[in-house]
Amino acid sequence: MGVTEVRFLEPRRLNPGETLEGFSCGVELIDNWANRHAPYAAKRGTAVPYVCFTTSGEVAGFYAISAYSIDRDAVRGGWLKRNAPAKISVILLGMLGVESRFQHQGLGWMLLQDAIKRALAVGRQIGSRALVVDPYDDVSRGFYQHFGFRDVPGSNSMFVRLV
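And the structure:
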């Protein structure tokens, strides 16, 4: 019996009434947010979850982005701080997770690309210097570093330039 190839649809906004209940990527922090907070964040306007489904309708992964700012004085030098206002306008990639059974198939990169694309579009409209993420461990830090994110000097955060 052959291996069935799983196909993923383009990420889309989580619709009102939808949940990510049952989502499990193996990281408790992300699983809890997905299962308990994603629909409420969308409803209250504190974050916008984007979800990726398989062609058979299963939740494969998600990410959440929101408006954010970093205090210029908290950044210890570098491009992000240079010529920036007191509050540096950025977009926060607050969560990104891939369902355990779909990991190691390139979906994390696909979700990250989509988040960067959306952040670039929004950043051009409202003025935002970077997409920022707070990695939860060294493995996630390595993932973001592999795709071009750099450390925010003086913090645990990482960023990729939008301008």
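Residue numbering for the sequence shown follows my numbering, beginning at 15 and increasing consecutively.
Note that beta-carbon positions come from the ideal geometry of N, C-alpha and C, so glycine has one too.
Residue j beta carbon less than 7 angstroms from that of residue i
i, j, result
"residue 101", "residue 80", "no"
"residue 61", "residue 34", "no"
"residue 151", "residue 170", "no"
"residue 178", "residue 77", "What is shown of the chain runs 15 to 177, which leaves residue 178 out entirely."
"residue 22", "residue 121", "yes"
"residue 105", "residue 133", "yes"
"residue 66", "residue 74", "yes"
"residue 177", "residue 143", "yes"
"residue 25", "residue 128", "yes"
"residue 37", "residue 46", "no"
Cβ-based burial, residue i [other Cβ within 10 Å; buried from 16]
i, result
"residue 88", "exposed"
"residue 123", "exposed"
"residue 166", "buried"
"residue 174", "buried"
"residue 140", "exposed"
"residue 10", "The requested residue 10 is not part of the displayed model; the chain covers only 15 to 177."
"residue 137", "buried"
"residue 161", "exposed"
Segment limits, alpha helix (DSSP H) that includes residue i
i, result
"residue 154", "152-160"
"residue 174", "Run containing residue 174: none in the alpha helix (DSSP H); it sits in the beta strand (DSSP E), 172-175."
"residue 134", "121-140"
One or two residues paired with residue i in a DSSP bridge
i, result
"residue 106", "80 and 146"
"residue 27", "64"
"residue 21", "Note: residue 21 sits in no beta bridge, so no partner."
"residue 111", "76"
"residue 50", "Answer is none; residue 50 lacks a bridge partner."
"residue 165", "172"
"residue 85", "101"
- Query: Would the stretch 37-52 and the stretch 97-114 be scored as touching if the rule is three or more Cβ pairs under 8 angstroms?
  - Reply: yes
- Message: Under 8 angstroms: do the stretch 90-98 and the stretch 59-75 share three or more Cβ pairs, one atom per stretch?
- Response: At 8 angstroms Cβ cutoff, the stretches do not touch.
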